[in-house]
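Participant:
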Amino acid sequence: MPARNGKAYTAKPRLDLISVGSEEARDVLAAALLPDPKSGILRLSDQPCLLIRPELIVTIQKQLEQTVGGSAKGIVYLAGERSAASGLEFYAALTNGISKPFTLEVAKRLIDASALLGWGRTEIIRFKPDAGEFSVARLNSPLALAYGPSEKPVCHFLAGWMAGIGRLLVDKDLLCDETACVAQGRARCEFEIRPMPH
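Here the sequence shown is numbered in the numbering used here, starting from 18 and rising by one per residue.
1. Under the DSSP definition of a beta bridge, which residues are partnered with R155?
2. If we count Cβ pairs, one from each stretch, closer than 8 angstroms, do we get three or more for the region 175-195 versus the region 101-117?
3. Looking only at its chain, what residues have a beta carbon closer than 7 angstroms to the beta carbon of Y164, apart from the 5 residues adjacent to it on each side?
4. With a threshold of 16 other CB atoms inside 10 Å of the CB of P65, please say whether the residue is buried or exposed.
5. Short of 6 angstroms in beta carbon distance, which residues of its chain neighbour A109, apart from the five on each side in sequence? Order them along the chain.
6. Sort I141, L133, R205 and K169 by Cα distance to V45 and report the nearest one.
7. Is the distance from the Cβ of R126 to the Cβ of G137 below 7 angstroms?
8. Locate the alpha helix (DSSP H) running through T76, then write down its first and last residues.
9. May I ask which residues mark the beginning and end of the beta strand (DSSP E) holding L175?
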């Protein structure tokens, strides 16, 4: 494991996170984490974080569904959308920084970092930047797997997060619809992202 000197480390420049093996990925993640048992604060990329199981997010979502009904989808979606931009620094240590302007290459590094953190493997299927449209597939969504069987898609947080990241990419307000979900028995979750209707 990499040596510690009290500072969070960054990934090797241009490290292709998708091509590293499990052991090297563990080393990259360990180098970016800085636990402080005395304060009870865990940091990733100098940002406070915590390790939670996906069931926590799913339990909150299901409670919202029971309490507020159909509005739960919008609440969870907005939480994902609003956390997208504010959470970018969280990924900085794993992506060799987040450069501006936000490009497709930066988005792909962010996708790789999110996979390293357990959010599943995302693939951009179709990308039309001028139109602000793209299709995305996600394998092993931790939210869909934790949710269990459902007649409807359940990855509202991830849909909102992808709309938020997409907005940074194309500089347009976007709407993301999950069109297929592992919770529905599908092989992967699929999302369609397009400009917000005016």
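Just so you know, even glycine gets a beta-carbon here, dropped at the ideal spot from N, CA and C. Everything numeric in this text was worked out from a predicted model, so none of it was measured.
Facilitator: The relevant details are as follows:
1. If you number the sequence shown from 1, residue 155 lands on position 138. Partner(s): T139 and C206.
2. yes
3. For the purposes of this step, residue 164 is taken as residue 147 along the sequence shown, with counting starting at 1. Here the set comprises V75, V171 and A200.
4. The residue labelled residue 65 in the question sits at position 48 within the sequence shown. Result: exposed.
5. If you number the sequence shown from 1, residue 109 lands on position 92. Only S62 and I115 meet the Cβ criterion.
6. One-based indexing of the sequence shown puts residue 45 at position 28. Nearest option by C-alpha distance: L133.
7. Locating residue 126 in the sequence shown gives position 109, where the first residue counts as 1. Locating residue 137 in the sequence shown gives position 120, where the first residue counts as 1. The answer is no: Cβ separation not under 7 angstroms.
8. If you number the sequence shown from 1, residue 76 lands on position 59. Residues P71 to V85.
9. Residue 175 sits at position 158 when you count from the first residue of the sequence shown. First-last for L175: H173 to V187, but that is the alpha helix (DSSP H), not the beta strand (DSSP E).
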